[in-house]
Structures are given as structure tokens and as C-alpha cells.
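K.L.:
Respectively, the protein sequence lines represent chains A and B. Here the first sequence stands for residues 1 to 365, numbered as in the working numbering. Here the second sequence stands for residues 1 to 345, numbered as in the working numbering. No residue lacks a Cβ here, since even glycine has one placed at the ideal position from N, Cα and C. Would you mind keeping the following structure in view while I ask a few things?
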Amino acid sequence: MTAEAPEALGHTRRAGTDGRSASSRAEADSRPAGAGGPLLVVDQLVKHFPITRGLLRRTVGHVRAVDGVSFTIGRGETVGLVGESGCGKSTVARMVLRLIAPTSGSIRFDGTELTGLSARAMKPHRRRMQIVFQDPFSSLNPRMRIVESVGEPLVTHGIATGAAKRRRVCELMELVGLSASDVDRYPHQFSGGQAQRIGIARALATNPDLIVCDEAVSSLDVSVQAQVLNLLKRLQQELGLSYLFIAHDLNVVRYLSDRVYVMYLGRIVEVGPSETLMAQPQHPYTEALIGSIAAAGTSGIRRRRIVARGEVPSPSRPPSGCHFHPRCPKVFDPCRTQSPPLYRLPDGQLSACHLRAEIAEGQDG
Amino acid sequence: MNDASNPLVSVRDLHVEFDTPAGVVPAVNGISFDIRPNETVVLVGESGSGKSVTALAIMGLLDVNARVRGQILNGGRDLVGLSDSQLREVRGREMAMIFQDPMSSLDPLYSVGNQLVEAIRLHSDLSRERAINRAAELLDQVGIPDPRSRLRAYPHQMSGGQRQRVMIALALACSPRLLIADEPTTALDVTIEAQILELIRDLQREYHMSLLLVTHDMGVVSEMADRVVVYYAGQVVETGAADRVLLHPRHPYTAALFRSVPSPTTDRALPLVAIPGTVPHPRNFPAGCRFHPRCELVFGRCRDEAVPLFALEGGTRHSRCWLAEGGDDAVAPRLSRDALMEVSP
Chain A
1 MTAEAPEALG HTRRAGTDGR SASSRAEADS RPAGAGGPLL VVDQLVKHFP
51 ITRGLLRRTV GHVRAVDGVS FTIGRGETVG LVGESGCGKS TVARMVLRLI
101 APTSGSIRFD GTELTGLSAR AMKPHRRRMQ IVFQDPFSSL NPRMRIVESV
151 GEPLVTHGIA TGAAKRRRVC ELMELVGLSA SDVDRYPHQF SGGQAQRIGI
201 ARALATNPDL IVCDEAVSSL DVSVQAQVLN LLKRLQQELG LSYLFIAHDL
251 NVVRYLSDRV YVMYLGRIVE VGPSETLMAQ PQHPYTEALI GSIAAAGTSG
301 IRRRRIVARG EVPSPSRPPS GCHFHPRCPK VFDPCRTQSP PLYRLPDGQL
351 SACHLRAEIA EGQDG
Chain B
1 MNDASNPLVS VRDLHVEFDT PAGVVPAVNG ISFDIRPNET VVLVGESGSG
51 KSVTALAIMG LLDVNARVRG QILNGGRDLV GLSDSQLREV RGREMAMIFQ
101 DPMSSLDPLY SVGNQLVEAI RLHSDLSRER AINRAAELLD QVGIPDPRSR
151 LRAYPHQMSG GQRQRVMIAL ALACSPRLLI ADEPTTALDV TIEAQILELI
201 RDLQREYHMS LLLVTHDMGV VSEMADRVVV YYAGQVVETG AADRVLLHPR
251 HPYTAALFRS VPSPTTDRAL PLVAIPGTVP HPRNFPAGCR FHPRCELVFG
301 RCRDEAVPLF ALEGGTRHSR CWLAEGGDDA VAPRLSRDAL MEVSP
């Protein structure tokens, strides 16, 4: 167990030791796990939810919400996870944070295997990973002053109480661009953008290494969304944070993420550096996602959308072979029967598409 | 587009205020725009800017605590102040509306066939049997497979995308001349959103409808709009042909809004050009130009003198900015991309 001594308040520790430049992030991936390896290594993660029927809650089947997902997050890296509703991205996030237990698979955080840890053994790791939710108001208690809400994790983890807690909350509020004099106000006195900053301040309270952003900017107004994205970037540079950034807006994901994983029906279908993946998608589903977002405002030109046929099937009855084949415009025979592996492509992208088999340099997972 | 013909709907100096326990909330202040036959007009703005209130006012669907002033002209009559029974004639035949959440307009206790047949028979004298045929035809038109058997389905048995299709079918039941769509795809996944927008476009052509689309999504604007009406804090701040407004905005808010959205070509190494501050609450809209506390081009008179809508480009577009007072030549250089790059940090 890597329990640390209670650290000094503030973020000075991280700035010196863990804050890495963008250029060293790429290397982090290839290094072996351990002190210098990736912060998070997720291997073959599976979550099946039972479907129960009748009085005796007999199990009649399983929803395969997450079906063998592997990924890594380097120190100081932002990894984007995209996909449509029901693809399992939020379930992955909840397993990483151990809010739910995986059916099988491994989650190594800074070298420690988290699966199977008791709640007690998990606690020192919990403070190092935090989450920011989509709706800032539903994640702040309307009857608690900001100093109590943001300071709650400090008390829970025995980091600070009383005047020390108050000092730390003031510091956090200023870190996220709010005023220290706001700490005695209630959530309803803030706008949506301000409330989301408060949610971020609370996530930062325990000085975490990893923050999971689950649609954290999706409910914000356009003019405010840019402010919060800039804040997340600045905090990452100042504090050396790693982000698992879950969102459905591909342009937002591209802007914030170093690498992007695309999920469809519980599986990873494509992985790549965010700019390459958006410019040269290597899986028909990624192409459909990109084609589905209309050209952004400033271009002024209407772009023809590639419309994926049909809807996302139920994860309780996923299609055979490649899960995407019933909607895929490029479907051919093997897609219907054989589940494609993740092919390793020459430019560093990974794609789970049979069409990439010929140019593949190998397989992954 | 049929530009020469008379507008189908003309909104003239529309004001909407809500009486609330905390006082009067002025949601919409002096809105004017036209919707011409077969045209797509998009109202774009952030939450609380008054775009949905405008749409509901046109449909006559505002709550009882709303006070409406101004005119909403449709076929020579003013819809403001019409009685409920008079409005029922307008709704359905003249105009129909779809919403962000289909479940808010579908009754969970009745099959979709039941609801469609009811809507069809309310506005026509078709027999029950012929109404059922028409209902199946409508479901087929909105892309629901196996429409005959889906008539018996209940809303909860359908996916979000399918429910939105059913709601569109309901709206089409009486072949309205104007379809009002308030954030119709905001709750849907992106691939489904693309399908629904395409469906709305196809049906618009087929039914020769005008479309009034309310959205906050710049992508949807560029995808759908013929003309754009940009809202900020209860007012129209800019109007014009979509391509002109998207490429050459003539109000600092529009320019800033478009620049703050990440695009596929945004430089990841640079911060986004965010608009500082937050959208003001209707109870305390700023004096002068309502955007002035957040505007990077603010100058003296913006702070205390309310701005009229200035006509630009021969009256084809408008801007509520003092910079536009001197015409297009005065405002255009200040809002060019290069000029704004110098202003912003």
C-alpha cells in the first residue's frame, strides 16, 4: 500500500515533482508500470449487470455494459472517452473510481491494484482520484454553505478541520477563479458556470492526481463552457493533474484531450492522438460520429453529414461479430460473424475494424 | 426561397413579462422578425435569452402569469390576445410545435396510434379507419419501421430518437404551414441528432413548411438556417442571412460566441477565447447595451445609452451595437478576425 503521510496543505508538492511537460507525456505510456509509469492502467475491464425477472429476481441474462476495455492514462495526460449514451463510458468511470466493482479485469493506479481492495484499504487511494459531474447543482447540497461542501472531503480524509479547512477552501476558490469571500454563500447564489467551478474546487480539495470529468462542461452555456475548459487546462498545467475526460461533444474532447478512446456498445473501437483521430478516423463509427457533428459556426458552410443508419442496439442483446456492423455503411461478410481485434496501425492509432487488417502492424488486446 | 411573398408570420415589437412572487421578470423586450414561406429561421442564444419564450408566445402556449404585448401577425390577424378556442384553430393547421423532451408532449397512458388518430380527427373529418391509415402513413414518413404494428406501441417502449419521430408525426398530422422546433435534438445522441435534423429538412420540403428552430448549438445553426436571429438577454442583437452572420458577424456578442466554441481546427496549445462573466438574469439586465459588461470593444456610450437595431447591408441584416451606427464600413473592420485577435489576450 502506498499510504502517504498527511501532506502539507496546498499544491506546492505537486508542482515540483509530478508536473510534467506535454512532451514527456507520450513517453509515459511506453514505460513499465511503477513509480514512473502511467498513472492508471486499466486492463480487460468487464462489467456485466444481471437482468432479473420475477418474484425471486431470477437472473435471465446480462447487460454487458463494459466488455473488455483496456486503456492507460499517463501522468499529466488528458484521455478522452467518447461514445453515445449506453456505450459504457460512465460505467468505466465509476469502476475506475471504485464506485462500483468490476465483474473482472484489472485497475492499477500508480502501481497498486485497486480491484479487490477493501473499503478501508481503498481510502488512501480515493483522495487521489476525484470526479466532477455534469450538473453542478445536483452535486452540491443546496442547504450547505460552500465552505462546508468544498471542505467536506478535507474532513472525510482527515486533512483539515475548522480554521485550516476554511483557509484551504478560500485558497481553492481563488484557484478556480472565484472569490474567497464567496465561501459562506449557498449554491443557489451562483450561476451554472460558477457552480461548476465550485464542483472543480471540491474535486481539487484533496490534492488528487486524477480527476474524472463526466460530461463536466456539457450543461454549461456556450460562452461559459470555454471559461471552464480554459480553467481545466490551466489547473492541469499548474498542478500536473491527469484527466479522464468523458464527453459527447467531439470538438470539446479534441481540444482538451491528448489521446482519445472511442467506445461503442461496451468496447473500445478506436484509439489515437486526438488531432489525428479527428482528422483521419480509422473506424467507420468514429467517421459517423465526426460526420454527425455539423460544421462549427465560424466556417459558415454546411457540411453533408454521414448519417449512421438505425440506433444503438441494446447492450443486453449486442449484435454478433463487430457490434457496429448493422449500422455500418462499409459492412462486409467477416463483420457479421467475427469480432475484430484492435489492430495496431502504422501511425500509432488503434482500430477495431476488419477493413484495417491489411495495413495493421499487429494486434492489441 | 420565396423572398418576394408576404411573411407567413410577423413578430412585431414583442414583449413578454412574467409575474412572479419575486416581482415582474421581463423575459423578452421588443423582438421583431419575419418568417417567410418555406424559410428556416433559427433563433440562437444562451439559456434565459428569451428564445424559447418567443417560440411559446407565437404558439400561444405561455403560462397564465405571462403578459404579452406587441403583435404576432399570421395571415392578416394578430395572434396576441386571441381566445383559447381561436388559438386552437391556429395550432395544428397553421403551426405546430415540437419540444426537446418528447415525453413532455406524449401521453404515457395511450398508444402512439391512439394519440395520432386523436390529433388527426380533432382537426379533420376523417373516419376512424381512414385516420388510422393516415397515422400509419405519418409514422412511415418519419422513418419508423413497420408503422402498422408500431401504432400499438406505447411511448415508453420506444427509444428517445423514435419518440422524437412520433412527436414530429403528431406535429405533421394537420399539415401545418409553420413547424416550430425548440431544441429538438439537444437530448439526443449525435448520430441520432443527424438523422432527426435530416428528417426535419426532408419533411419541410415535402410539406412546404416554414421552420422556426430554437437552438443554442452553433453547429445546428450552420446546418439548418436560412436566416439567423441572435438573442442576448431578452433582445435581438443581430439578424441576417445565415452565411453572412456566420462568416461576418456584425455584433461583438455573435463574434465572441462563434469564437468561443472549439472547432476541428482550434489550436490545442492556446486557451479558448472565452467570453468573460456570465449571462445576466432578467431581473437585472445591465443598463445601456446589455452585453457591455462582457464586451471587449466596450466604449463610453455602451454603458448608459440603450442601443437600437441598426440596419446594415441595405436592410438585409441588423445589429444592436453602437459600432454599427455608422453603417457596415464602421463596424466591419472592428469585428474582423484579425482585429479581434489583437484585442483579446
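May I have a chain-ordered list of the beta strand (DSSP E) segments no shorter than 3 residues that lie completely inside the region 146-215 of chain A?
P.N.:
210-214
K.L.:
Can the beta-carbon of residue 78/B be found closer than 8 Å to that of residue 71/B?
P.N.:
yes
K.L.:
For residue 153/A, which residues of its own chain have a beta-carbon under 6 Å away from its beta-carbon, when the five flanking residues on both sides are left out?
P.N.:
205 and 206
K.L.:
Any beta carbon from chain B within less than 8 Å of residue 201/A's own beta carbon?
P.N.:
no
K.L.:
Using a Cβ cut-off of 9 Å, pull out every chain A residue sitting near residue 226/B, in sequence order please.
P.N.:
Correct list: empty, because the minimum Cβ distance to chain A is about 11 Å.
K.L.:
Using only alpha-carbon positions, find the residue among 204/B, 22/B and 211/B that is nearest to residue 35/B.
P.N.:
When only C-alpha atoms are compared, the closest one is 211/B.
K.L.:
Residues of the region 206-229 of chain A in Cβ contact with chain B at a cutoff of 9 Å, in chain order, please.
P.N.:
Answer set for the region 206-229 of chain A: 221, 222, 223, 224, 225, 226, 227, 228 and 229.
K.L.:
For residue 160/B, tell me which candidate among 104/B, 318/B, 308/B and 123/B has the shortest Cα-Cα distance.
P.N.:
104/B
K.L.:
Which runs of the alpha helix (DSSP H), 4 residues or longer, sit entirely within the region 47-76 of chain A?
P.N.:
none
K.L.:
Taking only the alpha-carbon atoms, compute the straight-line gap between residue 91/B and residue 59/B and give it to the nearest angstrom.
P.N.:
7 Å
K.L.:
With H, G and I counted as helix, E and B as strand and the rest as coil, what does DSSP make of residue 266/B?
P.N.:
coil
K.L.:
Since residue 23/B sits in a beta bridge, which residues does DSSP pair it with?
P.N.:
20/B
K.L.:
Tell me which same chain residues have a C-beta within less than 8 Å of the C-beta of residue 185/A, skipping the five on either side of it?
P.N.:
145 and 146
K.L.:
Can you say whether residue 291/B is buried or exposed, counting buried as having 16 or more other CB atoms within 10 angstroms of its CB?
P.N.:
buried
K.L.:
Please specify which runs of the beta strand (DSSP E), each continuous and at least 3 residues long, are wholly inside the region 84-143 of chain A, giving them in chain order.
P.N.:
104-109 and 129-132
K.L.:
Could you please give the first and the last residue of the uninterrupted alpha helix (DSSP H) stretch that includes residue 121/B?
P.N.:
112-122
K.L.:
Quick one: give me the first and last residue of the beta strand (DSSP E) that residue 71/B is part of.
P.N.:
66-74
K.L.:
Who are the near neighbours of residue 332/B in its chain, counting only those whose CB is closer than 8 Å to its CB and skipping five residues on each side?
P.N.:
248 and 250
K.L.:
Using a Cβ-Cβ distance cut-off of 8 Å, determine whether residue 288/A contacts chain B.
P.N.:
yes
K.L.:
Report back the beta-carbon spacing between residue 195/A and residue 137/A to the nearest angstrom; my notes put them in contact at under 8 Å.
P.N.:
6 Å
K.L.:
Do residue 261/A and residue 324/A have their C-beta atoms within less than 8 Å of each other?
P.N.:
no
K.L.:
Helix, strand or coil for residue 280/B? Go by DSSP, reduced to three states.
P.N.:
coil
K.L.:
In or out: residue 109/A buried (at least 16 other Cβ within 10 Å) or exposed?
P.N.:
buried
K.L.:
Listing by chain order, which chain A residues have their CB less than 9 Å from the CB of residue 272/B?
P.N.:
225, 226, 227, 229, 230, 233 and 255
K.L.:
Listing by chain order, which chain B residues have their CB less than 7 Å from the CB of residue 278/A?
P.N.:
264
K.L.:
Report the start-end ranges of each beta strand (DSSP E) in the region 218-252 of chain A that is 3 residues or longer and not cut off at the edges.
P.N.:
Secondary structure in the region 218-252 of chain A: the beta strand (DSSP E) runs of 3 residues or longer, each lying completely within the stretch, are 242-246 in chain order.
K.L.:
Using a Cβ cut-off of 8 Å, pull out every chain A residue sitting near residue 347/B, in sequence order please.
P.N.:
Because chain B in this structure spans residues 1 to 345, residue 347/B falls outside the shown range and cannot be described.
K.L.:
Measure the alpha-carbon distance for residue 337/A versus residue 346/A and round it to whole angstroms.
P.N.:
26 Å
K.L.:
Give me the chain B residues within the contact set of residue 85/A, using Cβ-Cβ distance strictly less than 8 Å, ordered along the chain.
P.N.:
189
K.L.:
For the alpha helix (DSSP H) that residue 154/B lies in, which residues bound it at each end?
P.N.:
From DSSP, residue 154/B is part of no alpha helix (DSSP H); its letter is neither H nor E.
K.L.:
Quick check on DSSP: helix, strand or coil for residue 346/B?
P.N.:
Here chain B has residues from 1 to 345 only, and residue 346/B is not among them.
K.L.:
Got a sec? Which residues, its chain only, sit under 6 Å from residue 48/A by beta carbon, not counting five neighbours each side?
P.N.:
62, 64 and 103
K.L.:
Measure from the C-beta of residue 64/B to each C-beta in chain A and report whether the shortest distance is under 8 Å.
P.N.:
no
K.L.:
Taking all protein chains shown into account, decide if residue 258/A is buried (16 or more other Cβ within 10 angstroms of its Cβ) or exposed.
P.N.:
By the Cβ-count criterion, residue 258/A is buried, with 16 or more other Cβ atoms from all chains shown falling within 10 Å of its own Cβ.
K.L.:
Closest to residue 292/A by C-alpha separation, out of 249/A, 266/A and 162/A, would be which residue?
P.N.:
Residue 292/A has its Cα closest to that of 249/A, out of 249/A, 266/A and 162/A.
K.L.:
Grouping DSSP H, G and I as helix and E and B as strand, with all else coil, what is residue 19/A?
P.N.:
Note that residue 19/A scores a pLDDT of 39, beneath 50, so its modelled location is shaky and nothing firm can be said.
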